[in-house]
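J.: Below is the structure I would like to discuss, written out as C-alpha cells.
Below, the structure is given as C-alpha cells:
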C-alpha cells in the first residue's frame, strides 16, 4: 500500500468526497487538518482486517470495497463506493469487526479520529455537515438491507442493481451503462440467494427488456420498470 499526505483543497475528488457544505468554505481547511494521508490499495488487498485495532476513519476517494465477516463461512456484509466513510461501526468496539477488501484499485483518505472529535468540539458546523453525510449513508444502507432481508429474489436483484447505478449517478458518472466491480458470487452472497438464482433473475430482467447483461456489464433500459419491481409493484 502506498501512502502520502493529501491536500483536500486541490484534490480532484473534493466535490464528491466531502459534504457539500464544506467544499469552498473556510471550514474546508479545518476538516483538512484531520486528514492524515491518502493511500492506494490494490485490488484484493485489505484496507483493514477483522480484529485490527480501530484508530482511523476512512473516506473512499475512488474504487470499490466489499465488507467481509469471516466465521465458519465468509459473509459479504456490504459494498462501499466512492464518497462512503468507512470504519464508523468500529468506534464502539475499538476494533474492526469485519475486513474491507478492495474490489479494484482504490484510493482512500485516512482521518485521525481523535483530531476529528477535537475539531467537532471547536467547530460545530463541521460536526453537523459530517453527521448529515453519515445519516444519508446510513439511510441508504438500511433501505437496501430491508429489501434484502424481506423481499423476493427478484426484488433483491432489482434493488441491488438500482443501488449500484445510483452510486455511479451520484458521482456524475454514467449510471445506465455500468460495469459491476463485484462478481456474481459476491452479489449472491450479499443478497442471500444462490448464484444460479441470481443468473435466472438477471436473465428474466433481460428477457423482459428492462436491462441487458453481458458478463459484468449492465445496461439499464427501463429504470422505471426496475424501480417498480424493487418496490414490489410487478414481477
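Residue numbers (my numbering): 18 to 252.
No residue lacks a Cβ here, since even glycine has one placed at the ideal position from N, Cα and C.
Keep in mind it's a predicted model, so treat the numbers as computed, not measured.
Tell me the rounded alpha-carbon separation between residue 53 and residue 127.
T.: Rounded to whole angstroms, residue 53 to residue 127 spans 6 Å at the Cα level.
J.: What do you reckon, are the CB atoms on residue 117 and residue 153 nearer than 9 Å?
T.: Contact flag unset, no.
J.: At a cut of 8 Å, does the stretch 194 to 214 reach the stretch 92 to 108 through at least three beta carbon pairs?
T.: Taking 8 Å as the limit for Cβ pairs, the verdict is that the stretch 92 to 108 does touch the stretch 194 to 214.
J.: Quick one: grab the DSSP three-state call for residue 85.
T.: Here residue 85 sits in strand by DSSP.
J.: The beta strand (DSSP E) with residue 236 in it runs from where to where?
T.: That run of the beta strand (DSSP E) goes 234 to 237.
J.: For residue 52, which three-state DSSP category applies?
T.: In the structure shown, residue 52 sits in a strand (DSSP, three-state: E or B).
J.: When the Cα atoms are used, what is the spatial distance from residue 1 to residue 215?
T.: Look at the range of the chain in this structure, 18 to 252, and you will see that residue 1 is not part of it.
J.: Taking the straight line between their C-alpha atoms, what separation do you get for residue 250 and residue 195?
T.: Using only the alpha carbons, I get a separation of about 25 Å.
J.: Can you tell which of 170, 50 and 176 has its C-alpha closest to the C-alpha of residue 130?
T.: Checking every option, the nearest Cα to that of residue 130 belongs to 50.
J.: Tell me whether the stretch 103 to 113 and the stretch 62 to 72 touch, counting them as touching only if at least three CB pairs, one residue from each stretch, are closer than 8 Å.
T.: Because the criterion of three Cβ pairs below 8 Å is met, the stretch 103 to 113 and the stretch 62 to 72 touch.
J.: Taking C-beta to C-beta, are residue 188 and residue 243 nearer than 9 Å?
T.: No. Outside cutoff.
J.: Measuring straight from C-alpha to C-alpha, what distance separates residue 19 and residue 225?
T.: Low confidence applies to residue 19: its pLDDT is 49, below 50, so where it sits in the model is not reliable enough to give any reading.
J.: With a threshold of 16 other CB atoms inside 10 Å of the CB of residue 159, please say whether the residue is buried or exposed.
T.: Exposed.
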